[in-house]
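Report on the structure given below.
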Amino acid sequence: MGRTTPVARARFRWTSAAALITTFALGFAVAFVVGSWTSGPDATQRRIAELQQEEARRDLAQVEALIDLARGGRERLTPVLRAMAGASPPGDAAPPTAPTAEEVRGWREVVAGEVRRYEETPSAGNGVNVARTGMRTAVQQLAAAVDGFAAAITAPGPLAPDLLALAGAQRALAVRAWSVAALQLDVISVDAGKGHVHVQLPSGPGSDALPADTVPEGTG
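If you read the sequence shown in my numbering, its first letter stands for residue 27, the second for the next number, and so on.
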């Protein structure tokens, strides 16, 4: 058997090292290509698109829920607002007439129910949050108006008319705040593909509430 010369051994070691380096380089290249596909710019863009789609679906669900809540609130609050306007007419339309304690208790029950409905704040986009916060503020202000009427009917005679007028002013502020939120809800409803939605509360003259537009509901 022949002996391996030093030159042959060196050539063998060099060939083996070159093969190892080549194998490593190929493996690195494959790993880079695969990694770029799964974690590179394209993957980042796909993830961003997925998050945007999730946010859009979430906001659509929140818009639909807020529309239902606002429509139900308008139906429940309208009789209360009309009764309040009768007790403390806007401006100088007529002298105030104190409601009964039983009437005020009924108003408080209805308004307190609306306040509870807005206690939760589900995660949503800014547009939905602005509309919901505006409506929450409106029903809280209406609750303060109910407290004002309650104070008026138990106050000494000279104070009662002033307290009734103050409660009426609080009612007007509540309607005004709701009207701003209702316009915001109209905008985000159109943006969400649900069309125009008009949930303004009855305001009456002198309330300075923002009116709904004249576009039919569901269009746009």
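Positions of the beta carbon are idealized from the N, C-alpha and C atoms, including for glycine.
- The Cβ atoms of residue 122 and residue 113 sit closer than 8 angstroms to each other.
- By the Cβ-count criterion, residue 71 is exposed, with fewer than 16 other Cβ atoms from all chains shown falling within 10 Å of its own Cβ.
- Shown here, residue 216 sits in a helix according to DSSP, grouped into three states.
- Counting the other Cβ atoms within 10 Å of the Cβ of residue 69 gives fewer than 16, which makes it exposed.
- Secondary structure in the region 178-232: the alpha helix (DSSP H) runs of 4 residues or longer, each lying completely within the stretch, are 186-217 in chain order.
- Residue 134 sits away from residue 171, with the two beta carbons spaced by 8 angstroms or more.
- In this structure the region 179-186 does not lie against the region 147-161, because fewer than three pairs of beta carbons, one per stretch, are closer than 8 angstroms.
- Spanning the alpha carbons of residue 228 and residue 83 requires a straight line of approximately 32 angstroms.
- Remark: C-beta atoms of residue 140 and residue 99 approach each other more closely than 8 angstroms.
- Assignment of residue 104 by DSSP, reduced to helix, strand and coil, places it in the helix class.
- The beta carbon of residue 216 lies closer than 7 angstroms to those of 222, 246 in the same chain, with the five residues before and after it left out.
- Around the beta carbon of residue 234, a 10 Å sphere encloses fewer than 16 other beta carbons of the protein chains shown; the residue is thus reported as exposed.
- One thing to note: residue 161 has its Cβ no nearer than 8 angstroms to the Cβ of residue 109.
- Only buried fits residue 194, as 16 or more other CB atoms lie within 10 angstroms of its CB.
- Judged by DSSP secondary structure, residue 137 falls within the alpha helix (DSSP H) whose first and last residues are 127-143.
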